[in-house]
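A.B. asks:
Protein chains: 2
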Amino acid sequence: MSPKPASRSTRRTRRPQHATIRDVARAVGASISTVSAALNGTDYVSAAMRAKIEAAVQQLQYRPNDLARGLRLRRTHTLAIVVPDLSNSFYAEIVRGMKDYTAAANYTVLVGDSRERWAEEKLFLEMLHRRRVDGVVRVPAGDGNASQAAQVLGTIPVVYADRYPEADHPVAAWVGVDNARAAMDATQYLISLGHRRIAIISGPTTTRTAAERLEGYQRALRGIGAMHKEYIRNGELDMAGGARQAIELLTQAKPPTAIFCANNTMTLGALEAIQQLGRACPREISLLGFDDFAWSTLLRPRLTMVRQPAREIGMTAGRMLIDTIEERTRNRATQTLPTQLMVRDSCAPPLRP
Amino acid sequence: MSPKPASRSTRRTRRPQHATIRDVARAVGASISTVSAALNGTDYVSAAMRAKIEAAVQQLQYRPNDLARGLRLRRTHTLAIVVPDLSNSFYAEIVRGMKDYTAAANYTVLVGDSRERWAEEKLFLEMLHRRRVDGVVRVPAGDGNASQAAQVLGTIPVVYADRYPEADHPVAAWVGVDNARAAMDATQYLISLGHRRIAIISGPTTTRTAAERLEGYQRALRGIGAMHKEYIRNGELDMAGGARQAIELLTQAKPPTAIFCANNTMTLGALEAIQQLGRACPREISLLGFDDFAWSTLLRPRLTMVRQPAREIGMTAGRMLIDTIEERTRNRATQTLPTQLMVRDSCAPPLRP
DNA sequence: GCGGGCAGCCAAAACGATTCGAGCTTGAGT
DNA sequence: ACTCAAGCTCGAATCGTTTTGGCTGCCCGC
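Chains A and B, in that order, give the protein sequences. Remember, my numbering sits 24 above the position in the first sequence when you count from 1. Remember, my numbering sits 24 above the position in the second sequence when you count from 1.
1) So which of A:D124, A:V176, A:Q269 has the shortest CA-CA distance to G342 of chain A?
2) Using a cut-off of 7 Å between C-beta atoms, extract the partners of G178 of chain A located in chain B.
3) Would you report the Cα separation of D369 of chain A and A264 of chain A, rounded to the nearest angstrom?
4) Which residues, taken in chain order from the segment 138–161 of chain B, show a beta carbon closer than 8 Å to some beta carbon of chain A?
5) Around the Cβ of V183 of chain B, are there at least 16 other Cβ atoms within 10 angstroms (buried) or fewer (exposed)?
6) 8 Å is my cut-off, CB to CB: does V106 of chain B come that close to chain A?
7) May I ask you to verify whether the segment 106–118 of chain B touches the segment 105–113 of chain A, counting CB pairs closer than 8 Å and requiring at least 3?
8) Within 8 Å of any Cβ in chain A, is that where the Cβ of R307 of chain B sits?
9) Would you report the Cα separation of V157 of chain A and T358 of chain A, rounded to the nearest angstrom?
10) Using a Cβ-Cβ distance cut-off of 8 Å, determine whether A99 of chain B contacts chain A.
11) Assign H219 of chain B to buried or exposed, taking buried as 16 or more other Cβ atoms, counted over all protein chains shown, within 10 Å of its Cβ.
12) Under the DSSP definition of a beta bridge, which residues are partnered with V183 of chain A?
13) With DSSP as the reference, label T233 of chain A as helix, strand or coil.
14) Report the CB separation of M290 of chain B from G259 of chain B in whole angstroms; it is logged as a contact under 8 Å.
15) Just confirm the distance between the C-beta atoms of S310 of chain A and A372 of chain A, as a whole number of angstroms; I'd bet it's less than 8 Å.
16) Going by DSSP, what residue range makes up the alpha helix (DSSP H) through A204 of chain A?
17) Using the three-state DSSP reduction, which class does T34 of chain B fall into: helix, strand or coil?
18) Roughly how many angstroms separate the alpha carbons of R187 of chain A and I222 of chain A, rounded to a whole number?
19) By the criterion of Cβ-Cβ separation under 8 Å, what are the contact partners of P88 of chain A in chain B?
20) Taking all protein chains shown into account, decide if S216 of chain A is buried (16 or more other Cβ within 10 angstroms of its Cβ) or exposed.
21) If you check the beta carbons only, do V163 of chain A and A197 of chain A fall under 8 Å apart?
22) With a cut-off of 8 Å, do at least 3 Cβ pairs link the segment 299–306 of chain A to the segment 264–280 of chain A?
23) In terms of residues, what are the limits of the alpha helix (DSSP H) holding M263 of chain B?
24) Sort A:T211, A:E254, A:M329 by Cα distance to T275 of chain A and report the nearest one.
25) How is the alpha helix (DSSP H) around D347 of chain A delimited, first residue to last?
26) Our contact map puts V195 of chain A next to A170 of chain A with C-beta atoms below 8 Å; I'd like the distance itself, whole angstroms only.
27) So, using beta-carbon positions, are A297 of chain B and I225 of chain B closer together than 8 Å?
28) In the DSSP assignment, the alpha helix (DSSP H) including R310 of chain B goes from what residue to what residue?
29) Taking the straight line between their C-alpha atoms, what separation do you get for R87 of chain A and V160 of chain B?
30) Which bits of chain B does E296 of chain A rub up against, with CB to CB less than 9 Å?
31) Select from the segment 342–366 of chain A all residues with a C-beta closer than 7 Å to any C-beta belonging to chain B, and list them in chain order.
32) Please classify E350 of chain A as buried or exposed, where buried requires at least 16 neighbouring CB atoms within 10 angstroms.
33) Between the segment 122–133 of chain B and chain A, which residues of the former have CB atoms less than 7 Å from a CB of the latter, in chain order?
34) Are the CB atoms of G266 of chain B and A235 of chain B nearer to each other than 8 Å?
35) Is there at least one Cβ from chain A nearer than 8 Å to V135 of chain B's Cβ?
36) What's the C-alpha gap between V176 of chain B and E150 of chain B?
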């Protein structure tokens, strides 16, 4: 007897919280159905009533509860993107592109950073499932784990960007660049400068993009019969890895005259190593990188790099995702965007060719 | 007559969707209350039943719907942070710090980028309100707009980080550094090198942090009677602004021998301008910046900068927010963290003092 | 033999929105 | 005069959870 009214009264006196649609209805003496209809324009509402409702909304600072809304509609108007490293401006730019595109379609996007670890990505994906996001774009960590990701996400649609997983799982949608082609072009540029001893610092070849870049490099060198195993290195994808491999390359008996790095952070590492060893770039050693970044023109020398259209990749991924969510699916489920070789100061003809 | 069964059947045949707690209950022949109790450990459940439930959860790939959960609990376990520029690694690092700290307490955080515009920030805050986040940390755009932000957010707790708004609104919680002190120390370092003609490129003085940095600079120069109005500039906070002001400073009749930039992007702009004008840094002109960033050691010269503990700022903001949400409020509602002068290569004694 | 506490389970009422169907007026068409 | 549609409004069901209070046995101590 006593506990019941007690709990009642405590509930009554809880802090005022947010206004609900019911409060608005009460304020104008209407039903909540009418208020809902007025706010969403889904049914007839008299002009007078509409005005009163809008006034009350203003006065009460009413804002619909998206939790309730999403629960009822089974749609949250929320997307997500997970990238391997947010502090890498290449991925940050992909995220921005996606945000910009999807904001126009009134979606909000959650962004996650897997730090190249599947375990972290999995945690994030599980969170997304619990929140019932409408779709996610993955720049997967490590080797993809596509089937495990699909398992975690259930029926939530996925688009892959930049990287894509091994063939263990058929991937419905993907957007990125032709890595083999881009790497081949870049290598051929070095060849055209007169280089013959060209090294590559590639990413782990378990990732398909790294494998393709290596492939493109090899194709170009095989063309002129100048491929040498000792010039092929696999680094971790970070700066330290790039630096370590560059040092090993440059301190061997017959060092290369040019180094091609398969992503942007490793390029920075290589540059650091070159400076540390006191070699002159580009006079003694040419450096060519992948994945341009915004402030690359501030470095001395300014780095020559293969630019991926990061922003466009993000925007396209967002578009593809929304298209499949809203079921105006395009059948072109895979998009290849063009790269661009940004020629700057870090490559020059070799001293003795 | 015909429409009703039709709609029924279409609803039946809708895509299978996600498993619910009801599905789990049905699968093990229990009630949903029991399943809930088992999963949350909130009530007695026999070991046998618990095992069956866990098996079913596994088998059905059941994951609780956080929308429903948040609706019922009136708590979403979600925080948010909004910063003026995500591509600035200083803010990115604050975000990381906050994420790391709050992840340990099982919160997830939404991150927003206002691009220095209150209008964009407002949109984001409104979205946060609709989603009923539990709290938000602001690194406010522009002049703060604290009272407007409070209006938009209603009863949702706010913590300010780095910047804080004008006194138009009492701010409950803030974490940052002593800007005046840091700027004064930096300026005094330049003085100690022998500089007397020291310029500052400050941010818009409507923001309080910019005003304080300017104040610290002035205090140091007034101490030796070396303050000159023509050496005081206000830039936009971006690279272009820094470059423009630096060019104006360096091309005047009696140029300064040292420039102090009040944030990191303007420092980059100034560096670019210096290189463009063909001046040697640090031999002809010394450059000192604010807000260190990760790759500043890659630039030549390596920049001497005032380092703010970005990561710690983010972590502290997260802690303060969680503390007020979970109502174990500490009364120390404002935290000042120490800065550090990172002496590198961009400052040297002036040619002719 | 009986009151009472405990272990284990459940039905029902929230949480805050949308939507379906139906009710009630009016005005126009026949 | 009767029907029908359009305009406006509302009640109730629903989305998937948590939580409260109650119910049932059962064992324990007296």
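Each residue gets a CB set at the ideal place from its N, CA and C atoms; glycine is no exception. These numbers were taken from a predicted model, which means no experiment stands behind them.
C.D. replies: For this structure:
1) A:D124
2) H42, Q85
3) 23 Å
4) E150, M151, H153, R154, R155, R156
5) buried
6) no
7) yes
8) no
9) 22 Å
10) Position check: residue 99 of chain B holds Arg in this sequence, whereas Ala was assumed. By this cut-off, R99 of chain B is not an interface position.
11) buried
12) A:V161
13) helix
14) 5 Å
15) 6 Å
16) 203–216
17) Because T34 of chain B sits at a pLDDT of 34, beneath the cut-off of 50, its placement in the model cannot be relied upon, and the following sentence gives the value as read from the coordinates. T34 of chain B: helix per DSSP, three-state reduction.
18) 25 Å
19) R154
20) exposed
21) no
22) yes
23) 263–274
24) A:E254
25) 334–349
26) 6 Å
27) no
28) First, the amino acid is wrong: residue 310 of chain B is Ser here, not Arg. Per DSSP, S310 of chain B belongs to no alpha helix (DSSP H); it is in the beta strand (DSSP E), 310–314.
29) 17 Å
30) T321, L322
31) none
32) exposed
33) T132
34) no
35) yes
36) 6 Å
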